[in-house]
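Sequences listed follow chains G and E, in order.
Position 69 of the first sequence, counted from 1, bears residue number 69 in the working numbering, the numbering being contiguous throughout.
Position 7 of the second sequence, counted from 1, bears residue number 120 in the working numbering, the numbering being contiguous throughout.
Note that beta-carbon positions come from the ideal geometry of N, C-alpha and C, so glycine has one too.
First up is the structure itself, then whatever we jot down about it.
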Amino acid sequence: EAQVTQNPRYLITVTGKKLTVTCSQNMNHEYMSWYRQDPGLGLRQIYYSMNVEVTDKGDVPEGYKVSRKEKRNFPLILESPSPNQTSLYFCASSPFWGNTEAFFGQGTRLTVV
Amino acid sequence: SQQGEEDPQALSIQEGENATMNCSYKTSINNLQWYRQNSGRGLVHLILIRSNEREKHSGRLRVTLDTSKKSSSLLITASRAADTASYFCATDAERGAGGYQKVTFGIGTKLQVIP
């Protein structure tokens, strides 16, 4: 089944403790991206990747890192999480870059205390 | 403000009525998409309309695009309670710091269909 898989689905962590949210797609898509969703602000893009080893900042990249060493994986890294990073996070993938149909993961609800 | 702003932000209608949501954007686009999100879940793609298209249909959905006004509308006909969700438009006009084209979502329209 074609899908985008994020893990974990729910995470509660403490300020400053490094964490990684994984994202994997099985559709051989080139384009992958991370979004955070907050009430009243909609979806805001954090980082995106055009292909392996090619990434670019989105609208709200501060406090986040990404890597794209393999085509299928695009992990989101929070080196030192802070409470303002409490949010609902989504990973998405598309066949190629540009505005094409995106497939979204189920979401990761992160709480930083 | 964001590229791709939906209007209204919230809409409540009776089952069977039509629901219309609008999206405005600021600069030229190649494509515009509409997505649906059930509460707290991932977004699901509904329809893509290219800049050289004016109207597109998919089942009970009708999307129009007016590039001269930089706006799009999503019409859901004969709404059902199951259509209750948030609806987002996504545009591709902006580019990231590296010059790559990126997709930008609006804040969304929250639709409630009352049985």
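query: I want to see whether chain E comes within less than 9 Å of G/G63, judged by CB atoms only; does it?; result: no
query: Counting only C-beta atoms, is G/Q45 closer than 9 Å to chain E at any point?; result: yes
query: Considering only their Cβ atoms, is the gap separating G/V52 from G/K69 smaller than 9 Å?; result: yes
query: List the residues of chain G whose Cβ lies closer than 8 Å to the Cβ of E/T217, in chain order.; result: Q45 and D59
query: Is G/N51 near the ligand NAP, with its Cβ less than 8 Å from a heavy atom?; result: Summarising the ligand content, the structure contains no ligands, and the ligand NAP is consequently not present.
query: In this structure, does DSSP put E/D120 in helix, strand or coil?; result: strand
query: DSSP on E/Q115, reduced to helix/strand/coil?; result: Any reading at E/Q115 needs caution, since the residue's pLDDT is 40, under 50, leaving its predicted position unreliable; the model's value is listed next. E/Q115: coil per DSSP, three-state reduction.
query: Under 8 Å, CB to CB, which of the residues in the region 116 to 142 of chain E have a partner in chain G?; result: I142
query: Going by Cα to Cα distance, which pick from E/S125, E/P121 and E/E119 is closest to E/T197?; result: E/S125
query: Select from the region 2 to 24 of chain G all residues with a C-beta closer than 9 Å to any C-beta belonging to chain E, and list them in chain order.; result: V4 and Q6
query: For G/K119 versus G/E62, is the C-beta distance shorter than 9 Å?; result: This structure gives no information on residue 119 of chain G, because the portion of chain G shown stretches from 1 to 113.
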